[in-house]
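Student: For any residue, its number in the working numbering is found by taking its place in the sequence shown, counting from 1, and adding 13.
Each residue gets a CB set at the ideal place from its N, CA and C atoms; glycine is no exception.
To start, I am sharing the structure in question, which I have written as structure tokens.
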Amino acid sequence: MARFKVLVTDNIAQEGVDILEADASIAVDVKVGIDSVELKQIIGDYDAIVTRSGTTVTADLIENPGKLKIIGRAGVGLDNVDIEAASIKGIIVMNAPTGNTIAATELTIGMMLSACRKIPAANISLKNREWNRKKYMGIQLYGKTLGIVGLGRIGGNVAVRAKSFGMQVIAFDPYVKKAKAEAHGVNLCETLDELLAASDIITFHTPLTDETTNMVAATEIAKMKDGVVLVNCARGGIINENDLYEAVKSG
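This is the structure in structure tokens:
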């Protein structure tokens, strides 16, 4: 009986590879960094492909899918996979929506603390044998209003932890019902503009789609409070980077 062939094209935890290789019915090939030309030539020889964000699975890549039945994304975002093209070819696309929920949540809280307490700049200052406590006093999270854009798994977990800091938490997510937000102790905003105007700190937890690309540009930035702290542990394209750069330059 032919073994189920799996191609791994990006770095994933060795533990994940070990799980696959422990199954005698599965043959695993690891080709990290394979270019798209070679990948297109061999992808049809495999029953499944496992990727992270380093491999872009386009319609052209799977034009002749051969044996390919499954595209497995070791992570949450699927913006690097042409889901529509895969569906047309009868290929199942899977991700791991809970795989990094806690890690991304804790990173977000860490970024908030780092920015509000000016930890990177203070660290550099201290290493330069300075002791400018006043300059790097920063601000406390307690009592501040945190605006969460995207109240899914990660956004909801951030809300719970932010509440433990004594923060007021609001959110904007047109796909979340008020009851779910209230279960997290969160007040749901009806519009993004409402959240932007009310928040001292804003954190983004949405996928990158046509709807969310450049969701925040110059017009939206102008509606924020002066000195607002932005945290984006989701996708860079959610915020227009040129407009953000100009806003940071202007103070």
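(1) Taking 8 Å as the limit between beta carbons, can you name the residues of its chain near T121, skipping five residues before and five after?
(2) Within 10 angstroms of the Cβ of G79, are there 16 or more other Cβ atoms? Answer buried if so, exposed if not.
(3) State the Cα-Cα distance for the pair E119 and A135, rounded to the nearest angstrom.
(4) Taking all protein chains shown into account, decide if M125 is buried (16 or more other Cβ within 10 angstroms of its Cβ) or exposed.
(5) Could you check what DSSP says for K82 in three-state terms: helix, strand or coil?
(6) Report all residues from its chain with a CB closer than 6 Å to the CB of S267; omit the five preceding and five following residues, and keep chain order.
(7) Using the Cβ count rule (16 or more neighbours within 10 Å means buried), how would you classify M150?
(8) According to DSSP, simplified to helix, strand and coil, what is G57?
(9) Per DSSP, what are the beta-bridge partners of A40 in this structure?
(10) So the alpha helix (DSSP H) V173 belongs to, where does it begin and stop?
(11) Restricting to Cα atoms, I'd like to know which of I47, A35, H197, D36 is closest to V21.
(12) Apart from the five residues on each side of it in sequence, which residues of its chain come closer than 7 Å, Cβ to Cβ, to K131?
(13) Measure the CB-CB distance between I56 and I75 and report whether it falls below 8 Å.
(14) Considering only residues of the stretch 208-260, which uninterrupted beta strand (DSSP E) runs meet the minimum length of 3 residues and lie entirely inside it, listed in chain order?
(15) Here's the rule: buried if 16 or more other CB atoms are within 10 angstroms of the residue's CB, otherwise exposed. What is K157?
(16) Are the CB atoms of I62 and I84 nearer to each other than 8 Å?
(17) Check whether chain B comes within 8 Å of I251, counting only Cβ atoms and requiring the distance to be less than that.
(18) Taking DSSP as the reference, what is the three-state secondary structure of G123?
(19) Please report the Cβ distance between K191 and L201, rounded to the nearest whole angstrom; I am assuming they are in contact, meaning their Cβ atoms lie under 8 Å.
(20) Note down, in chain order, each residue of its chain lying with its Cβ closer than 7 Å to the Cβ of A211, except the 5 sequence neighbours on either side.
Tutor: Put simply:
(1) Excluding five sequence positions before and after T121, the CB atoms of its chain that fall closer than 8 Å to its own CB belong to I167, V171, T216, H218, V244, C246, given in chain order.
(2) Burial check for G79: the Cβ neighbour count within 10 Å stays below 16, so the residue is exposed.
(3) Straight through space, the alpha carbons of A135 and E119 are spaced by roughly 21 Å.
(4) M125 comes out buried.
(5) In the structure shown, K82 sits in coil (DSSP, three-state: anything other than H, G, I, E or B).
(6) Beyond the ends of the chain as shown, which are 14 and 264, falls residue 267; an answer cannot be given.
(7) Around the beta carbon of M150, fewer than 16 other beta carbons lie within 10 angstroms, which makes this residue exposed.
(8) Correct three-state label for G57: helix.
(9) Its beta-bridge partners are K18.
(10) For V173, the enclosing alpha helix (DSSP H) covers residues 166-177.
(11) Distance check between V21 and each of I47, A35, H197, D36 places I47 closest, using alpha-carbon atoms only.
(12) Hits under 7 Å: Y149, G151.
(13) I75 sits close to I56, with the two beta carbons spaced by under 8 Å.
(14) Whole beta strand (DSSP E) segments, 3+ residues: 214-217, 242-245.
(15) Label assigned to K157: buried.
(16) In this structure, the beta-carbon distance from I62 to I84 falls below 8 Å.
(17) Of the protein chains in the structure, only one exists, and it is not chain B.
(18) Helix, per DSSP.
(19) The Cβ separation is near 5 Å, so the contact holds.
(20) Hits under 7 Å: T158, G160, I183.
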